[in-house]
Amino acid sequence: MPGIIMDKTWRGTSTHNVNNNGISSLPYTSENDSTSLDLKNRSRHLNGLKERDRFSEDGTMLVEKIAAGDSLFPPTSQLPELVHITQGFFPFAQLVSRSVQQCWNDLSDLIAELADLQTLLQNQVSQFSLTNGKSPGNQSEDNMQKKLRILDFAQLKRTEFIKLLVLSRWSRQAIDVSKLIDLQGFIRTRHLAYHRAPQRVADMKRDLVRAQMANPDLKTALEILSKGRAGVMLNLGYLPPKPLSPRRMLNTLRKLNKIISTRLLVHDFIPASFRTYLVHDGRVTFYVPGEFEIDLSIAEESHISQFFFIDIRFLFSPSSPIPIGRLSNDLDFKINNVLRTESLVGCFGFLHNMVLTNKVIILFKQAMRMARESWSDSIHVELLHRTLIVQYWVTRTGLKSWLEIGIRSGRQNPNHENLDDPGMSGVPRLSLRWVRENLEADNDDITFDTENLSMESILRSAIALHASHLLHAVYDKIRKRLLYSSHSLSLRARFSTDEPGDCSLEVQLTRSRYLRVLIEPTSGVVTTSITPSLLSRLESDNSVEKFSTDDIVNRISRLRCIAAMEEIESNARILGLEINNHRRPKNEGRRLFPPNVLRSYFWHRHWERNWVVAATSSMDGDDWWVIRMKPATRPLNGPAPDGSVPQSARNVTGSLLFSQQCFGYPSLGGLELSLAGMLAIHANAHYLAELNCLNSFPPLQKLQFGASLKVPTLYIRFELLKLPPTLQILPPDGLRGKSHICETIRLSFRGFDKQAKAVIMIADGKLKSPIRGVGKTTLKSNHSLVFPPSGCRFAIRFLAAAGKPIITELFDHIQRLEFILSIIDSLHRKKAEIYSISLSRVSFGYGSSQDLSARIVIKQSEPSNLADLEPATLLSQTKPLFRLRMSIDFDPSSPHRRIKESFATILNQDGANTSLDSVIELLAFTLPLLRSLDRITDHGSKVHVTARNAKTYNLRYSDPRFRFLVTASQHRDSMGWMLKDIRTVEDRSERSEVENYVQERIFNSNGEGWRGLGSGVVADADKVGNLIVALDSCFLGGRIMSGASTGHGDRKDDGKEKPTSLNQQGGRNRTSLDKSRPVNPPTRVATKYPLQNSEISNDADVIMID
Amino acid sequence: MGPVTLNTVDNELKDVIQHLFEIQAAVHGYLGPETQVELVRKIRNLSHALSVLSTHTKIDTSLTPPDPSAFPRDDPPLASIQLPPEIIDYVDAARNPDIYTREFVELVQRGNQDLKGKKEAFASFRDVLAREMRSAMPECRREVDKVVMATGGKGSDQ
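Going down the list, the protein sequences come from chains W and P.
Residue 1020 in UniProt numbering is what sits at position 1020 of the first sequence, and the numbering runs on without skipping anything.
Residue 108 in UniProt numbering is what sits at position 108 of the second sequence, and the numbering runs on without skipping anything.
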């Protein structure tokens, strides 16, 4: 039987216990497991404890004292039971019971599950049995599944029950095994107890250390107490040196000086950096500028003995002296070592490196302090070995920039570096490397003072250079823009190599506004400020997030354009221009204007709807544009629809530096006026260009403002024959031919008529020959035509809304003027005196003493919608739109009134070369006749005069009935008048006495200037009056002879030469003359042109020009 | 009727196993309605066997567990059987429970021998310690002796 502990202490007592259950009961005394003891054991144990307490006070256990044979208890009855472990034990019956229950439940479930599928399967089975008569066994998928389910279940449960059976078989050992388990539990607790025992022993030993006490050295203590010294401590017995006398000391020092000097001159190799030295006070002081000075001395006379270190002082700031103490001792030791092994060269190398490292560290500390204080968050400081890296403008996005301060060995490029001091080559030195936006930049300009170390000044210098670099790039880019390259706006940059705050760029945005671009030193943020700051909407984001020069330039450009545009717009508002950006076309604008411009559209209420003015602003200049809008589908009255499309845009700024002049108040008023004028000029030029028949100068694209906003003048080469047929006026042939006007017509803008709310345009030109006598002519005040006193020029004035072309009117007027001039020319040739001239009439005097006046009136028919006609429409038609008709008008008292219509016919005659000349000749020729006729009718003659035409007149007397014909006739080289009797045969049959009288007194008689030929009378042109008076007197005399009662009949036969009595028939005669119109009016024009005829009535004010 | 013994339960378990096997056989060789009747009968048998087993294994807590010593060693009463949880897991994992028994016995054997060695070593250490203490502190000799005696050692030689 296992588990018997062969312990002799209870050998004698264990026999029956073993017999009983095969396991020996061991005394159980572990206090630690007392909780698991049953009560009975515990009481026994307590007894044991009492016994034990006396000698094992600090917990040493392990005691089988109880079993100590004869000691306290009788062993047989007192052995404690083993602890029976039942924790987690499970009754087998319950296990079986639960398994059975589970099996039953599963079986029920299985059957229920199978039952659900039964019906379908049975049907199938029954069908099979019907066909075969024998069941084939159901081999369907479902049935197989069912069988599998049963099989699985049975298999599972069988396995389970077999396991239960195995357990049941094993259960026969269960009681024994349970005891074994108890035994194992006991063994484990004992193991723990044994394990713990050495631990306790060790703890006790450790605790006992504190109980120890050292042994006093009583012997030495007694010696020292009694003798005052310790005999064990040895005295080396050195003798103290004699104190040096000053004299000796001086000698020694001098000697030292001499030795050192000799050594340095003769023996020692002195490194290049140590060449500056001073021997004094028994020592040599090497002086290395910017770094340190060191005192060395010697201890022996031998020239191969080493130098010794005395003192060192740093020669740069900030630096601190090396503190006395461990550090200086260390340094002393090290320097002496170096001096011994490597002499002066090594000493310099060592100290030099130390100084360089020290400097780097000092700079690093300064940088760290900056990073903590004023430059926090804007620099990164890193120290890698002896290289200090300071990255600045950390918050800036984009490429990084940093400074590297490190030690350059100076060996790599002996040819390149330190050419001025070859001795220094190969000596490491402090060096600076500047990486600007990931590219190494030239660091020569950075202020890097190695004597007065200041990280801040180095950094500021680098940043200043960086800022200068950025601003310079911006400056270069802006400078290339036209506005700045032409110096119309100022651009000023300030750079610095030390102070970033001094770097700035000042850009003049407009005449009054300046933009200042600064780069904030610590963060590198680009800030812009505008003075005076009016652009409130732009102030909010006055820092640029991006930092490339292009971004800065773009931003400046945008600000400039916005500022300029704001000024333009505000000024335009003052001027009364309407800003109609809501009509701004979306895409067309980009097509019309150069890219990258801001634009605004303006319109004035006095302008034509289809013209607007645009202002654009860009870095290359601020421009004005004249834009012609193409009206969209809704062109009827009302404003131009929103969809109006700009048809063309012309830059009118001119090469002049416009921005300087258009933004100031003094020129503001002029601006609006000039814009209107420019609009007018452009509209006309545009119209001309579309007509495409006349040359004009300057070309459309060069019609730009001149100096001081001068509106350009348009020169038109006016060639009549090149005009489209529609615009040609067909004058009577007689006036065609040579032109009186020079071809060049100047069309210029002359201001704005506030009353008419229209633009005044003047067309003026030169006459080929001066008009004589025009200066004396009184011109009527409402005429648009004017001749300056010199008489060589003319000017015509037009009034039209800005943007409305006046070309058709101009052509009309010019042609009429030409016409008028030819009339005047003719009149002059005939010595007629001109009284007044206008485009529609010429009044002149004639007659021998210029006492009579006549007016030639030119009427013109034209379509009413002339101004609205598009050039394309004009070009498409071939028939002339205008038709001139001339008429002549006389004063009511003028004798020529009788033949006015006849003159008009002659004037309008086609084909006659000199119709006007003939009219004027006729005027003179007919004057005597007509005057005499007037005279007789005014004095009561009964004659009835009918003018058939200017050369043929009927004279009718009703009582007695006589009819005479007076015609102009050529006889003997000169024109004269011929009087004939044209009575019919019936008429001749009656009233023969008067006839005889007439025959006698007229036809067969002679008078002054006339001669009777029997059947007729021939009279001179200027003496025809006598004939007429003589003729009339025949009838007047007849009436007097035949008595007063019967009136006309009586007087017919006699007294015709006495035009004494008055007769009131003049008026009747005139009316009858009017009724018997001998000439048809030229209705041909009217029928040919069914356009509405209208009198030209636009003879307005006179403008005097010089 | 006396308490149910393990043999009874054994037999009943065997019955159940047999019935399950028969059901398996019947299903495997299923031929038709005849087999179906047979199957129904077998399932009924199974349920009967289960019912018997269930009745016999129902634990009556009111009764005190019978003393196993009153029964033959081969056939202890069912109610007295308590199984340690390890063995149930062991069987459930389809391993032989006798191996468990053997291994456990060996473990206890080893532990016993180990314990014996430790006991002797400690006794030896006790004697050495007692000797040293007696020589170092003669004034404590009596107390040392007493402790040695109480812990099963011999008293001092002196």
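Glycine included, each C-beta is placed from N, C-alpha and C at the ideal position.
Along the segment 80-91 of chain W, the positions whose C-beta sits under 7 Å from a C-beta of chain P are T86, G88, F89, F90 and P91, read in chain order.
Linking E608/W to R628/W through their CA atoms gives a straight-line distance of about 10 Å.
The alpha-carbon of R841/W is positioned some 14 Å away from that of E833/W. Counting along the chain, D182/W sits inside the alpha helix (DSSP H) bounded by residues A174 to L208. With a cut-off of 8 Å on Cβ pairs, the segment 593-603 of chain W is not in contact with the segment 458-474 of chain W, counting fewer than three such pairs. As the crow flies, the alpha-carbon of D332/W is around 40 Å from that of D498/W. With contacts defined by Cβ atoms closer than 8 Å, P895/W and L874/W do not form a contacting pair. As a beta-bridge residue in DSSP terms, T744/W pairs with R717/W.
Annotation: the continuous alpha helix (DSSP H) that includes F92/W extends over F92 to D116. Residue pairing by DSSP places V612/W opposite I627/W in a beta bridge. Under the DSSP assignment, Q113/P falls in the alpha helix (DSSP H) whose first and last residues are P97 to A136. For P77/P, the secondary structure class from DSSP, reduced to helix, strand or coil, is strand. Within the model, the alpha-carbon separation for D75/P versus E22/P is close to 28 Å. Separation of A371/W and S529/W (C-alpha to C-alpha, rounded to the nearest whole angstrom) is 28 Å. A straight line joining the alpha-carbon of P97/P with that of I88/P spans about 9 Å.
Taken in chain order, the complete beta strand (DSSP E) segments of 3 residues or longer contained in the segment 837-891 of chain W are 841-846, 852-861 and 883-890. By the neighbour-count criterion, in which 16 or more other beta carbons inside 10 Å mark a residue as buried, P289/W falls on the exposed side. DSSP places G1009/W outside both helix and strand once states are collapsed to three, so it counts as coil. Relative to Y687/W, the option among I259/W, G803/W, S485/W and L383/W whose CA is nearest is G803/W.
Along the segment 197-229 of chain W, going in chain order, the ones with a CB nearer than 8 Å to a CB of chain P are A197. Separation of the CB atoms of S401/W and H466/W is rounded to 6 Å, and the pair is thereby assigned contact status at 8 Å. Taken in chain order, the members of the segment 143-156 of chain W whose beta-carbon sits within less than 7 Å of a beta-carbon on chain P are K147, I150, L151, A154 and Q155. It is roughly 17 Å from the alpha-carbon of I478/W to the alpha-carbon of I519/W. Residue pairing for Q508/W: DSSP places it in a beta bridge opposite Y514/W. DSSP places A763/W in the strand class (E or B) of the three-state scheme. In the DSSP assignment, W170/W is bridged to no other residue.
For Y238/W, there is no enclosing beta strand (DSSP E), as DSSP marks it with neither H nor E.
Listed in chain order, the beta strand (DSSP E) elements of length 3 or more contained wholly in the segment 28-63 of chain P amount to none. Flagged as an interface residue toward chain P: R190/W, by a C-beta distance shorter than 8 Å.
In this structure, the CA atom of M619/W is about 7 Å from the CA atom of L482/W. Distance between K116/P and R126/P, taken at the CA atoms: about 15 Å. When DSSP states are grouped into helix, strand and coil, G976/W belongs to the strand group.
Within a 10 Å sphere around the beta-carbon of E81/W sit fewer than 16 other beta-carbons, which makes this residue exposed. Secondary structure note for D377/W: it is in no alpha helix (DSSP H), with a DSSP letter that is neither H nor E. For a Cβ distance threshold of 7 Å, residue set L13 of chain P lies close to L164/W, ordered along the chain. One alpha carbon belongs to I187/W, the other to A197/W, and they sit about 15 Å apart.
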